[in-house]
Amino acid sequence: MAVPQNILKKAETLREKIADADYRYYTLAEPDISDLDYDMMMKELEKIEKNYHELITPESPTMRVSGEPTKKFEVVTHEVPMLSLANSYNFDELIDFDKRIKNLIPNEKYEYVCELKFDGLAVSLTYQNGIFVKGATRGDGTKGDDVTKNLKTIRSIPLRVKSGMYKNFEVRGEVFIKKDDFEKINEEQELRGEKLFANARNTAAGTLKQKDNKAVASRPLNIFVYYFRTNDETLSSHFKNLEILKSIKFPVNAFLKKVSNIDEVKKYCDEVDNIRDTLPYEIDGVVIKINSLVQQDKLGSVAKSPRWAIAYKFKAKQQITIIKAITLQVGRVGTITPVAELEPVFLAGSTISRATLHNFDEIKRKGIKEGVKVKIEKGGDVIPKVVEVIKDKDYEKIKEYKLPERCPVCNSRLEKPEEEVSFYCVNYFCSAQVQGRIEHFVQRDAMEIEGLGTSIIEIFLKEGLIRDFTDLYQLYKYKDILINLERFGEKSINNILNAIEESKKKPFDKVLFALGIRHIGEKTARIIAKNFASMDKLSKASVEEISNIYEVGPKIAKSIKEFFEDEKSKLLIKKLQSAGLNFKVDESVKIKFNGNFKDKTFVLTGTLETHTRDKASQIIEEFGGRVSSSVSKNTDFVLAGTEAGSKLNKAKKLGVKIIDEKDFEKMIG
Ligand code: IVH
């Protein structure tokens, strides 16, 4: 049945009105209708779309939050790479930047545009025929993740642009969370017993990577845009581009200034530094860009940053306070971290009462004691650090800090490996370690078992329902007991049990990371999983075999070997295997098979021009090859860049095939 004309028109009017209300509320901060009127319009539109499914289009405002959770983010290749900025930390460096510009475009007049440097994450928004079709994260600058669905939840991003002028274009900007929203989110996290976020930027990043856009919609993401690109028209200047963006209703930050010399840039930087604490969002500096796009083109870029722009980073804010006490935290592998409990002070927007002291060497080096006056600083991260001790006349009278001998949680002996700066609690069953290992296992980057926050794990441990992470996979047997626990209901328990069941699908590298082997981070786990393909092979590998993998040093290899030789680990592994976790690399996901690389061992040496070493290694591994750090008779290829040294000589001696980057490109095809 065709949609009647009047319904068509009604839907269109509602969409326009809703888009306009969003623009007024979220971009201009000048709402002109009540929440109730807004909700009613939305309901009416939903009703129409329910009756006439053919009216539902991806750019309808009802589609801001919709659909099933994403399984895996697709990879998006940026048409124009998303570069980063060179940093400067004082005015002398800004003056040097200005001199470089003068030298590169002699006798030309130029202007700068000064903007705030928002502390969030860069995203790219692609529009086709005026419709928002793709949103991606910056990723490594060349490739990012497709987060279109999540970006659609940001109501200041227009889902369609009604100006006839601009149809196909790309917009870039920074996604962020406001300071007070961040505080609120952390309060909620605390109430739910979930881990706290370190800062607003991490919260925004974590939110943007959520698989369920309903969860994203519940977090207040914002955006400021600062880049426009189109082939629809010849563009002339950055400033005009920002004007265009404003005219087609994108949120452009108002603190924006076009200036004609570096002194004015300096004035702008000082002004912004003075008011930055009063802004509702975090900034970490100012960005200075050459205004003319022709001049930007002439100046070009070096490595990964343009010559026509620079970031001016603010100095970290500092304060003086007193260390009231030094307390100790116990990590999941037993690491003891000293923490300074401070006399609370206000610093860069929040009250600070704790600072990490990293390790005991640092305490000694800086002369930190309980009761001393210290200078603290808040840099890019929210966790403040102690910069220095103020050694006033009372300093010498205060008694030295005594190194701990016992674990603050279980009172076991502490141990300090010779080659390390950390002290460890030797008791594997120390409750802090047990809890830490489980928290690590369930975290998003590992087995991703949502709903199992700190306090819930604590309850399960206290009730004797679990003793370690392997017991999570037996929890379903105790559903009746779980449902009857205080604070829980059938629904929340079902959610947890489902999330546990779902986690069994996680790939081998995530399982490996989740085990919490000392020194095995996410990236190392990925590399090791690729090279050893199964838990069985890895558990039998020698220290030498493991450390032969490029980027995996002997410290990691030793730690892996120790883990697999430990009887307690053997038991954990056995239990996880019978629970049905992935103990093998899924060969079917290795899509990029390339015969030139399969099972071949490569050694990289010298400086590579086309790819970084990391990138080249990644390519080799993706195509089924291995990367090793030393040349032996088992090496198949040595990829030699410029200034290659001893490895190249050894390869020549052993008669190993040597290739250059051109050969490598040919092999890739
Ligand atoms: S322009 C090559 N403008 O800073 C131009 N970036 O270090 C790079 N950022 O990845 C982007 N505020 O995430 C630009 N007003 C602004 C910015 C900004 C924050 C971030 C962005 C970028 C990083 C570069």
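All you need for my numbering is the position in the sequence shown, starting with 1, plus 343. In this text, a Cβ means the ideal position worked out from N, Cα and C, and glycines have one as well.
Rounded to the nearest whole angstrom, the C-alpha separation of Y381 and R407 is 15 Å. For the pair K993 and T420, the Cα-to-Cα distance works out to about 38 Å.
Between V456 and K632, the CB-CB gap stays under 9 Å. For L991, the enclosing alpha helix (DSSP H) has its first and last residue at 989-997. For K414, there is no enclosing beta strand (DSSP E), as DSSP marks it with neither H nor E.
Non-local C-beta neighbours of L357 in its own chain, meaning closer than 7 Å and more than five positions away in sequence, comprise M384, E387, L388, ordered along the chain.
Distances between the C-beta of S427 and the heavy atoms of ligand 1 include at least one below 8 Å. Assignment of V752 by DSSP, reduced to helix, strand and coil, places it in the coil class. Just measuring C-alpha positions, the residue of N837, V752, A465, G998 sitting nearest V568 is A465. Relative to ligand 1, even the nearest heavy atom lies 8 Å or more away from the CB of R619.
Contact between the stretch 865-877 and the stretch 825-839 is not established, with fewer than three Cβ pairs separated by less than 8 Å.
In the DSSP assignment, G968 falls outside any beta strand (DSSP E), carrying neither H nor E. By the criterion of a C-beta distance shorter than 8 Å, K486 is surrounded in its chain by V418, V419, T420, H421, once the five residues flanking it on both sides are discounted.
Restricting attention to I618, P594, L578, the CA atom closest to the CA of V637 is found in L578. S648 places its beta carbon 9 Å or farther from that of L351. According to DSSP, D489 shares a beta bridge with A479. By alpha-carbon distance to K866, the top candidate from L858, D852, G859 is D852. Short note on A465: C-beta closer than 8 Å to some heavy atom of ligand 1.
Distance from the Cα of E887 is smallest, within the candidate group S973, A868, K822, K848, for S973. Taking C-beta atoms under 8 Å as the contact rule, G463 and E533 fail to qualify, at a distance of about 23 Å.
Contact between A900 and I916 is absent: CB atoms are separated by about 18 Å, not below the 8 Å threshold.
Remark: C-beta atoms of K660 and E720 approach each other more closely than 9 Å.
Boundaries of the beta strand (DSSP E) harbouring T699: 693-699, taken from the DSSP string.
Sequence-distant Cβ neighbours of R498 in its own chain, meaning closer than 8 Å and more than five residues away, are D365, Y368, Y369, R407. Nearest in C-alpha terms to T405, of all of L700, L564, E355, I444, is E355. Secondary structure of T356 (DSSP, three-state): helix. A479 has its CB no nearer than 8 Å to any heavy atom of ligand 1. With a contact defined as Cβ atoms closer than 8 Å, V688 and Q672 miss out at about 21 Å. Burial is judged here by how many other beta carbons sit within 10 angstroms of a residue's own beta carbon; E625 has at least 16 and is buried. At a threshold of 8 Å, S561 does not count as near ligand 1, since its beta carbon sits no closer than that to any of the ligand's heavy atoms. In the three-state scheme derived from DSSP, where H, G and I count as helix and E and B as strand, L924 is classed as coil. Taking all protein chains in view, the Cβ of L494 is crowded by 16 or more other Cβ atoms within 10 Å, so the residue is classified as buried.
Taken through DSSP and simplified to helix, strand or coil, A872 comes out as helix. An exposed status is given to Y432, since fewer than 16 other beta-carbon atoms sit within 10 Å of its beta-carbon.
DSSP places S644 in the strand class (E or B) of the three-state scheme.
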